[in-house]
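Enquirer: My questions all concern the structure below.
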Amino acid sequence: MQFFIDTANLDDIREATEFGILDGVTTNPSLMAKEGISGDKNVMQHYLDICKIVGPGKEVSAEVISTDFKGMVAEGKKLAEIHENIVVKVPMIRDGVKAIAHFSELGIRTNCTLVFSAGQAILAAKAGATYLSPFIGRIDDISWDGMSLIKEIFEIYSTAGYDTAILAASIRSPLHIVQAAKAGADVVTCPLSAILGLLNHPLTDIGLAKFLADHKKANG
Ligand code: E4P
């Protein structure tokens, strides 16, 4: 399973890259706004900075703002030209599906975002999306079971033989990451805190303290 970091914060992206387990980055307009990035030129530069930090061969999702086919295609092409790492993120709407099919014909990688149902997942795969982003946390937020959607999509994609990778998004905790891996997600995208949270186990801390204390006793 691949690990993407879900942020536009350059320090977090640097830290995750240095940690050595990062496969990519996902951003969205809210995450870009949170970093105070606005205006076409600054947005493009920020995506380029992210691509340079993560290095070659990593996937960086950059989301289109347009909601009509023509606008999404024009924007997506501009984004894809920034760097070979860029994956064009497109919302799950009628024109979005059409744009994904178009990008797929052009060989431009896509991430279909704002996915909340198995039916939407089928449409995105049919259109040739590279990645599909079901939003686990937001489904949990309304008291439904986000992880069961990952299981359902995994079953459908396995049965139908779709190539689209399942990118579990809106991940909020280390437990979500483990559950997504069990449910068959190809990728998880999560905040740095959730990734680092996977490190934690009290027995690891107790065990290490004991090893170091015993070593000190024996070696003075
Ligand atoms: C990533 O692709 C999504 O935009 C992101 O995971 C959404 O997360 P949120 O529901 O925590 O905003």
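220 is the number that the working numbering gives the last residue of the sequence shown; the numbers go up by one with no jumps. Even for Gly, the Cβ is constructed at its ideal location relative to N, Cα and C. Bear in mind that the values here come from a model prediction, so they are computed numbers and not experimental data.
(1) Consider the C-beta atom of residue 169 and the heavy atoms of ligand 2; say whether any pair is separated by less than 7 angstroms.
(2) Report the option in 199, 205, 214, 218 whose CA atom is closest to the CA atom of residue 21.
(3) Hey, is residue 138 close to ligand 1, as in C-beta under 7 angstroms from one of its heavy atoms?
(4) Which residue comes first and which comes last in the alpha helix (DSSP H) that contains residue 41?
(5) Could you tell me if the beta carbon of residue 193 falls within a distance shorter than 7 angstroms of some heavy atom in ligand 1?
(6) I believe residue 67 touches residue 31 by the beta-carbon criterion, under 8 angstroms. Please report the beta-carbon distance rounded to the nearest angstrom.
(7) Check the DSSP bridge columns for residue 110 and list the partner residues they point to.
(8) Can you grab the Cα-Cα spacing for the pair residue 63 / residue 84, in whole Å?
(9) What are the start and end residues of the alpha helix (DSSP H) that includes residue 6?
(10) What alpha helix (DSSP H) runs, 4 residues minimum, are completely inside the stretch 167 to 203?
(11) Going by C-alpha to C-alpha distance, which of 92, 99, 98 sits closest to residue 114?
(12) Using the Cα positions of residue 138 and residue 4, report the straight-line distance between them to the nearest angstrom.
(13) Taking 8 angstroms as the threshold (C-beta atoms), are residue 180 and residue 165 in contact?
(14) For the beta strand (DSSP E) that contains residue 63, what are its first and last residues?
Expert: According to the structure data:
(1) Because ligand 2 does not appear in the structure shown, any question about it cannot be addressed here, the ligands present being ligand 1.
(2) 199
(3) yes
(4) 40 to 54
(5) no
(6) Incorrect: roughly 19 angstroms between the Cβ atoms, too far for contact.
(7) 88
(8) 15 angstroms
(9) Residue 6 -> not in any alpha helix (DSSP H); beta strand (DSSP E) instead, spanning 2 to 6.
(10) 174 to 183, 192 to 197
(11) 92
(12) 18 angstroms
(13) no
(14) 59 to 63
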